[in-house]
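Peer 1:
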Amino acid sequence: MNSLKNLLEELEGLHPKYIDLSLTRIEKLLKKLNNPHLKLPKCIHIAGTNGKGSTLSFIKNILIESNLKVHAYTSPHLEKINERFIIANKIISNKKLFEYLKYIKKINANKPITFYEITTAAAFYMFSKNYADVLILETGLGGRLDATNIIKNNLISIITKIGYDHQEYLGKSIKKITKEKLGIIKKGSIIINAKQSQIVNQEIKKYTQINKNKILSYESDWKIINASKDYFYIKKNNNIKTMYPKPNLNGEHQLYNLSTAIITSEYLKKLGYRIHKKNIDRAILKTKWPGRLEILNKDNPLIIIDGSHNIDGAKTLKSFIKNKNYKPWIILGMMNSKNLNQYLKILKSNIKGVIAVEIPNEKNSITKEEIKKNCKKIKIKCKTEKDIYDAVTNYINNKKNDQIIITGSLYLVGKTRKKIIKLLNQSIH
716 MNSLKNLLEE LEGLHPKYID LSLTRIEKLL KKLNNPHLKL PKCIHIAGTN
766 GKGSTLSFIK NILIESNLKV HAYTSPHLEK INERFIIANK IISNKKLFEY
816 LKYIKKINAN KPITFYEITT AAAFYMFSKN YADVLILETG LGGRLDATNI
866 IKNNLISIIT KIGYDHQEYL GKSIKKITKE KLGIIKKGSI IINAKQSQIV
916 NQEIKKYTQI NKNKILSYES DWKIINASKD YFYIKKNNNI KTMYPKPNLN
966 GEHQLYNLST AIITSEYLKK LGYRIHKKNI DRAILKTKWP GRLEILNKDN
1016 PLIIIDGSHN IDGAKTLKSF IKNKNYKPWI ILGMMNSKNL NQYLKILKSN
1066 IKGVIAVEIP NEKNSITKEE IKKNCKKIKI KCKTEKDIYD AVTNYINNKK
1116 NDQIIITGSL YLVGKTRKKI IKLLNQSIH
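If you're matching positions, the sequence shown starts at 716 in the working numbering and goes up one per residue.
Here's what the structure looks like:
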């Protein structure tokens, strides 16, 4: 693992002096690799602001339950980089990952390239060397100029919920952000459009009128009805209702993500892929999505981790807190590219206060002092702790009937999740 760690650091070091969003660098590298992106299975391409990862996870599990071989590429990872690469249904091993990345680095010959671009090129290379029935790709940032958008055989383009994030690259308005995300759509591919705001739907409608893509949209083609504790129904525009088990994931938003995955699977079935209702049901119950509204400790104190970090993520978290009648303390760490003030304002009326921490070993983390200053400005009670582990340990030791939500960054959650689970296990024994 150590040699893999060193190699990853070397790849990080190839980063260009400034990022110009374009496909030129990855195109050049792929050409040297003999264009593996042109030798891939039929592809499901997913863009959007929130819900991409869990939608991908649901689709992947439905296809695996249907005895299909699946490649999948996703980012960022939660705990280790291997999670990004699923080859023929399995997470790549350290050994294989090291071999592929070492080869790609050699072929790249020290040319400036972003870490994301070189790992995306590696993904295409490894996928081209292994058989699969379907490839599922998640965009990293945007769509039009995302490194994954170099692919040509896009069967289905999924647009998950679009909101504000990465405005410095994608534009300040929802219209601009939407146009960037729609850049993944290829001629002849069907669009599966998740639950969106009215403004996003208008932009997507405009796009399909010009480009003549077939589209299935939440609300006009399907919707969720009669959700109970264990089941929910999807009702199609032909009035046919189908019952499905609820997933083992927290938050109402996961039902919408799941419904997008189910509609995608049904479309694949129409194309001749052998997918049955029982496969879908089994996959729903098997799907896990760690680090997103994940309960690590049920009471005394309740501890939940949630990697949300943007405006829509904060709204989803707020809705979850309200539905559960919680009034938690949030342990908050955030990257300095995120909108801290807006995030706090959304949660303000539903939390007791904030415990400010920094993301471990992350130079782009907002400082505790900065979080405290922002809280003071908008009149939120705020304490600081030496680090996240001290903050969690204090609550574990007091065993008070408190509710704690650790949030603000997927990096914070990913870097600390295992250690927090370990602290909880030690406190039990």
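All C-beta atoms, glycine included, are put in the ideal place defined by N, C-alpha and C. What you are looking at is a predicted structure, and each value in this text was computed from that prediction instead of being measured.
Can you list the alpha helix (DSSP H) stretches of 4 or more residues lying completely in the stretch 1024-1059, in chain order?
Peer 2: Whole alpha helix (DSSP H) segments, 4+ residues: 1026-1038.
Peer 1: Measure from the alpha carbon of isoleucine 874 to the alpha carbon of each residue in Asn1113, Lys902 and Tyr933, then state which is nearest.
Peer 2: Residue 874 sits at position 159 when you count from the first residue of the sequence shown. Of the candidates Asn1113, Lys902 and Tyr933, the one whose C-alpha sits nearest the C-alpha of isoleucine 874 is Tyr933.
Peer 1: Classify serine 974 as buried or exposed, calling it buried when 16 or more other Cβ atoms lie within 10 Å of its own Cβ.
Peer 2: Counted from its first residue, the sequence shown places residue 974 at position 259. Counting Cβ neighbours within 10 Å, serine 974 comes out buried, since at least 16 surround it.
Peer 1: Can you tell me whether isoleucine 990 is helix, strand or coil according to DSSP?
Peer 2: For the purposes of this step, residue 990 is taken as residue 275 along the sequence shown, with counting starting at 1. In the structure shown, isoleucine 990 sits in coil (DSSP, three-state: anything other than H, G, I, E or B).
Peer 1: Below 8 Å, how does it come out for the stretch 827-841 and the stretch 737-756: are there three or more Cβ pairs, yes or no?
Peer 2: Output reads yes: the stretch 737-756 touches the stretch 827-841.
Peer 1: Mind checking whether leucine 753 and lysine 901 have CB atoms under 8 Å apart?
Peer 2: Numbered from its first residue, the sequence shown carries residue 753 at position 38. Numbered from its first residue, the sequence shown carries residue 901 at position 186. No, the pair does not count as a contact, with Cβ atoms beyond the cut-off.
Peer 1: Per DSSP, proline 960 is paired with what?
Peer 2: On the sequence shown, position 245 is the one that residue 960 refers to. According to DSSP, which records beta bridges pairwise, proline 960 is partnered with Tyr946.
Peer 1: Can you tell which of Lys876, Ile1103 and Leu778 has the C-alpha that lies nearest to the C-alpha of aspartate 848?
Peer 2: If you number the sequence shown from 1, residue 848 lands on position 133. Checking every option, the nearest Cα to that of aspartate 848 belongs to Leu778.
Peer 1: What is the rounded straight-line gap between the Cα of asparagine 864 and the Cα of isoleucine 899?
Peer 2: Taking the first residue of the sequence shown as 1, we reach residue 864 at position 149. Taking the first residue of the sequence shown as 1, we reach residue 899 at position 184. Each residue's alpha carbon lies about 6 Å from the other.
Peer 1: What separation, rounded to the nearest whole angstrom, lies between the Cα atoms of alanine 1106 and isoleucine 1018?
Peer 2: Within the sequence shown, residue 1106 is the residue found at index 391, counting from 1. Within the sequence shown, residue 1018 is the residue found at index 303, counting from 1. Cα to Cα, the separation comes out at about 12 Å.
Peer 1: For glycine 768, which of helix, strand or coil comes out of DSSP?
Peer 2: The count along the sequence shown starts at 1 and reaches residue 768 at position 53. Three-state DSSP puts glycine 768 in a helix.
Peer 1: Can you check whether the CB of lysine 1037 is closer than 8 Å to the CB of asparagine 1065?
Peer 2: Here residue 1065 corresponds to residue number 350 of the sequence shown, with the count starting at 1. Here residue 1037 corresponds to residue number 322 of the sequence shown, with the count starting at 1. Yes; because the gap between Cβ atoms is below 8 Å, this pair is in contact.
Peer 1: If distances are taken between C-alpha atoms only, which option among Asp1027, Asp1021 and Lys1067 comes closest to proline 1043?
Peer 2: As a working mapping, residue 1043 is identified with position 328 in the sequence shown. The residue with the shortest Cα to Cα distance from proline 1043 is Lys1067.
Peer 1: At the level of alpha carbons, what is the spacing between tyrosine 733 and leucine 1011?
Peer 2: As a position in the sequence shown, residue 733 is number 18, starting the count at 1. As a position in the sequence shown, residue 1011 is number 296, starting the count at 1. Cα to Cα, tyrosine 733 sits roughly 39 Å from leucine 1011.
Peer 1: Check the DSSP bridge columns for alanine 838 and list the partner residues they point to.
Peer 2: The sequence position of residue 838 within the sequence shown is 123, counting from 1. According to DSSP, alanine 838 bridges with nothing at all.
Peer 1: Ignore the nearest five residues each way along the sequence and tell me which others in glutamate 1077's own chain have a CB closer than 7 Å to its CB.
Peer 2: Mapped onto the sequence shown, residue 1077 falls at position 362. Once the five neighbours on either side are set aside, the close Cβ partners of glutamate 1077 are Tyr1126.
Peer 1: What is the rounded straight-line gap between the Cα of leucine 726 and the Cα of isoleucine 774?
Peer 2: By 1-based counting over the sequence shown, the position of residue 726 is 11. By 1-based counting over the sequence shown, the position of residue 774 is 59. Whole-angstrom Cα-Cα distance: 31 Å.
Peer 1: Beta carbon of proline 756, beta carbon of leucine 850: below 8 Å?
Peer 2: Position 41 of the sequence shown, counting from 1, holds the residue named residue 756. Position 135 of the sequence shown, counting from 1, holds the residue named residue 850. Yes; because the gap between Cβ atoms is below 8 Å, this pair is in contact.
Peer 1: Do you know how far the Cα of serine 904 is from the Cα of leucine 1055?
Peer 2: Here residue 1055 refers to the residue found at position 340 when the sequence shown is read from its first residue. Here residue 904 refers to the residue found at position 189 when the sequence shown is read from its first residue. Cα-Cα distance, rounded: 38 Å.
Peer 1: Roughly how many angstroms separate the alpha carbons of serine 843 and isoleucine 759, rounded to a whole number?
Peer 2: Start at 1 with the first residue of the sequence shown, and residue 843 comes out as number 128. Start at 1 with the first residue of the sequence shown, and residue 759 comes out as number 44. Serine 843 and isoleucine 759: Cα-Cα distance of roughly 16 Å.
Peer 1: Inspect the CB distances between the stretch 923-930 and the stretch 948-961 and report whether three or more fall short of 8 Å.
Peer 2: No contact exists between the stretch 923-930 and the stretch 948-961.
Peer 1: Check whether the Cβ of aspartate 1021 lies closer than 7 Å to any heavy atom of the ligand COA, and answer yes or no.
Peer 2: Annotation note on the ligand COA: not contained in the displayed structure, which lists no ligands.
Peer 1: Determine the burial state of alanine 862: buried for a count of at least 16 other Cβ atoms within 10 Å of its Cβ, exposed for fewer.
Peer 2: Here residue 862 refers to the residue found at position 147 when the sequence shown is read from its first residue. By the neighbour-count rule (16 or more Cβ atoms within 10 Å), alanine 862 is buried.
Peer 1: Hey, is the stretch 1114-1123 in contact with the stretch 1021-1031, meaning 3+ C-beta pairs nearer than 8 Å?
Peer 2: Contact holds: three or more Cβ-Cβ distances are below 8 Å.
Peer 1: Exposed or buried, alanine 824, counting other C-beta atoms within 10 Å across all chains shown (16 or more means buried)?
Peer 2: As a working mapping, residue 824 is identified with position 109 in the sequence shown. Flag for alanine 824 reads exposed.
Peer 1: Can you tell me which residues form a DSSP beta bridge with tryptophan 937?
Peer 2: Taking the sequence shown and counting its residues from 1, the one referred to as residue 937 is at position 222. Looking at the DSSP assignment, tryptophan 937 forms a beta bridge with Tyr933 and Lys951.
Peer 1: Should the stretch 969-987 be regarded as contacting the stretch 907-915, the criterion being three or more beta carbon pairs within less than 8 Å?
Peer 2: In short, these stretches touch, since the Cβ pair count reaches three.
Peer 1: For valine 1107, which of helix, strand or coil comes out of DSSP?
Peer 2: Locating residue 1107 in the sequence shown gives position 392, counting from the first residue. Helix.
Peer 1: With DSSP as the reference, label lysine 913 as helix, strand or coil.
Peer 2: As a working mapping, residue 913 is identified with position 198 in the sequence shown. Going by the sequence as given, residue 913 is glutamine instead of lysine. Here glutamine 913 sits in helix by DSSP.
Peer 1: Just the Cα atoms here: how many angstroms apart are asparagine 782 and lysine 891?
Peer 2: In the sequence shown, the residue the question calls residue 782 occupies position 67. In the sequence shown, the residue the question calls residue 891 occupies position 176. The straight-line gap from Cα to Cα measures roughly 40 Å.
Peer 1: Between Ile806, Ile1111 and Lys767, which has its C-alpha nearest lysine 1013's C-alpha?
Peer 2: As a first step, residue 1013 must be located in the sequence shown, where it is residue number 298. Among Ile806, Ile1111 and Lys767, the Cα nearest to that of lysine 1013 belongs to Ile1111.
Peer 1: Sorted by chain position, which residues of the same chain lie with C-beta nearer than 7 Å to alanine 787's C-beta, five sequence neighbours on each side aside?
Peer 2: Position 72 of the sequence shown holds residue 787. Around alanine 787: Leu771, Lys775, Ile801 and Ile851.
Peer 1: Could you name the residues that DSSP lists as bridge partners for leucine 852?
Peer 2: On the sequence shown, position 137 is the one that residue 852 refers to. DSSP output for leucine 852 lists His760 and Tyr788 as bridge partner(s).
Peer 1: Find the nearest neighbour of lysine 767 within the set Gly858, Ile796, Val785 and Lys784, judged by alpha-carbon distance.
Peer 2: In the sequence shown, counting from the first residue as 1, residue 767 sits at position 52. Closest by alpha carbon: Gly858.
Peer 1: Comparing alpha-carbon positions, which option in Leu870, Ile978 and Ser790 lies nearest glycine 855?
Peer 2: As a position in the sequence shown, residue 855 is number 140, starting the count at 1. For the residues Leu870, Ile978 and Ser790, the minimum Cα distance to glycine 855 belongs to Ser790.
Peer 1: Where does lysine 1083 land, buried or exposed, given buried means 16+ other C-beta within 10 angstroms?
Peer 2: Looking up residue 1083 in the sequence shown gives position 368. Buried is the call here.
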